[in-house]
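Residue numbers (our numbering): 93 to 337. Notes follow the structure.
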């Protein structure tokens, strides 16, 4: 008789456990995104702290010189056509190109009835840009003077704005597009292409001599963290947009 009152409680607990297990894939994705964002911020702070204390300078110089002709540091390694190709790659992370991309995506989302997501893309991208500029002003690290610059620059060096903003825009949009896909191969393709673009843009800044490698690593870290948080935001908006259509 003493066992009878416990049956409803045991049944309720089993029901709660079953519901929790059903939600686990979703909770795991959220936890993974938050962990990745935290790791990105931590990596950025560690790199920034090391740079402020004078660390990584020797490694930065060695990597920068490794991409230059030993007989003439004004000449990047590789043929002339490759240097022009790298300039084209670095343009993919420029303010003009990224701004046009954000406007195009936001306009498409608005015209297809996803107003909240359209506004979200604009706001999130603008906030990431502001974070990049504030970070540059806070560290105020001079640009590399070890080799001549193969591209014009107008802002402080740390973190790399091209590396950070390409991560913010390409990774956020890539994650948003991947979330809307059902096929795993399509998701993987979109995410891998977004990551590839981000890596190419950041690497091009070091090749052109306008950034220390640590600038680029810091930009990638903070940009990826911002993109992970953006994925959580747009994932939250997705059901509302779908129900509104």
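The C-beta atom is built at its ideal place from N, Cα and C for all residues, glycine as well.
For the options 150, 124 and 180, the alpha carbon positioned closest to that of residue 243 is the one of 180.
Note on the region 246-281: whole alpha helix (DSSP H) runs with a minimum of 4 residues are 253-258 and 264-271, in chain order.
Taking a 10 Å sphere around the C-beta of residue 139, we find 16 or more other C-beta atoms and assign the residue as buried.
The region 282-299 makes contact with the region 175-192, as at least three CB pairs between them are under 8 Å. Counting along the chain, residue 217 sits inside the alpha helix (DSSP H) bounded by residues 207-231. Exposed is the label assigned to residue 127, since fewer than 16 other Cβ atoms lie within 10 Å of its Cβ. Residue pairing by DSSP places residue 164 opposite 161 in a beta bridge. Cβ-Cβ separation between residue 304 and residue 223: approximately 20 Å, too far for a contact (criterion under 8 Å). A contact is defined here as three or more CB-CB pairs under 8 Å, and the region 305-313 meets this definition with respect to the region 148-157.
When secondary structure is reduced to three states using DSSP, residue 241 falls in the coil class, being assigned neither helix nor strand. Annotated three-state conformation of residue 235 is coil, per DSSP. If you check the CB distance, residue 322 and residue 255 do not come in under 7 Å.
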